[in-house]
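Notes follow the structure.
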Ligand code: BDR
Ligand code: CA
């Protein structure tokens, strides 16, 4: 049976690559794509979700989500990573025949989870505002989701601690209160952070071969990823780019590729360490302990990178 997934996203070059990965796998039933601010404005993110739906004939519902964080002020779209249009500045049509569903992302999540008890995975690869709003409005969905899989955060495994600040990752620092809310709910969360996403690199040669071999997706992935690749080359000296959002899709498709650890997770919500994610693995009780009353969640600590690259290619 296919995995029923609501894909919460801010497309985004790697978001688009991850959506195509989920779609092409044949193993995911994409019940909906819910958009959120982040890599692009909410209007732009939604437009690109609709564009992907149309161009690749993805049978799914697109719903518009949050345009601002829960508490902190909204940051600017990360055009220096994803391009002015958020898709590496490839040509995009000015108008699209497709329209978003009238339901908000939050309401769509609540309704879909209630209608499919214990079957829906919330796969979130952007800021976590939509999930936070949904669980705030309808706490009953905590018992009804199958799983929550999040690309975000960094716990220091494999030397990865942050990409926006020394100790914070983009999706979490962009809306730390939403992330803390999502991680501390009584639903099963798995966090796929920089700890593993920065362990896998799609080299330019890899993308070139994908371009040559995949008739449907290869050229599109090659074109959108040139900007992303240049960003990684200029800022980090990498040949290719990290596999952020597609690693979260891989967790849904093939969790056996990952090593995990368990413990309650909190997010620092202010100060110089804002956006830092911390998983308490100590069993010891402390006199002051902001973790002790929260449920144990899962953090990915290692990945079979070659396995991931092979799976994406396939
Ligand atoms: C995350 O930030 C965004 O730029 C990517 O789409 C990914 O979700 C990585 O830190
Ligand atoms: Ca993303």
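Residue numbers (the working numbering): 1125 to 1438.
Glycine residues also receive a C-beta, built at the ideal position from the N, C-alpha and C atoms.
Everything numeric in this text was worked out from a predicted model, so none of it was measured.
Asked, Found
"Residue 1196 beta carbon less than 7 angstroms from that of residue 1315", "no"
"Secondary structure of residue 1386, DSSP reduced to three states", "strand"
"Bridge partners - residue 1267, DSSP secondary structure assignment", "DSSP lists no partner for residue 1267."
"Endpoints, the alpha helix (DSSP H) within which residue 1174 is located", "1166–1179"
"Own chain residues within Cβ distance below 8 angstroms of residue 1168, not counting five before or after", "1201, 1209 and 1210"
"For residue 1401, three-class secondary structure by DSSP", "strand"
"Alpha-carbon spacing of residue 1296 relative to residue 1220, whole angstroms", "31 angstroms"
"Any non-hydrogen atom of ligand 2 within 6 angstroms of residue 1191 CB", "no"
"Residue 1432 versus residue 1334: straight-line alpha-carbon distance, rounded", "14 angstroms"
"Burial state of residue 1154 (16 or more Cβ within 10 Å)", "buried"
"Closest residue to residue 1246 among 1279, 1283, 1324 and 1157 (Cα-Cα distance)", "1157"
"Sequence-distant residues of its chain with Cβ nearer than 7 angstroms to residue 1268 (five each side left out)", "1237, 1238, 1241 and 1242"
"Test item, CB below 7 angstroms from any non-hydrogen atom of ligand 2", "1133, 1134, 1136, 1138, 1139, 1162, 1163, 1249, 1250, 1275, 1295, 1368 and 1369"
"Proximity winner among 1192, 1136 and 1353, relative to residue 1249 (alpha-carbon distances)", "1136"
"Same chain, Cβ closer than 8 angstroms to residue 1308, neighbours up to 5 away in sequence not counted", "1388, 1389, 1390, 1418 and 1419"
"Contact under 7 angstroms by Cβ, residue 1222 with residue 1260", "no"
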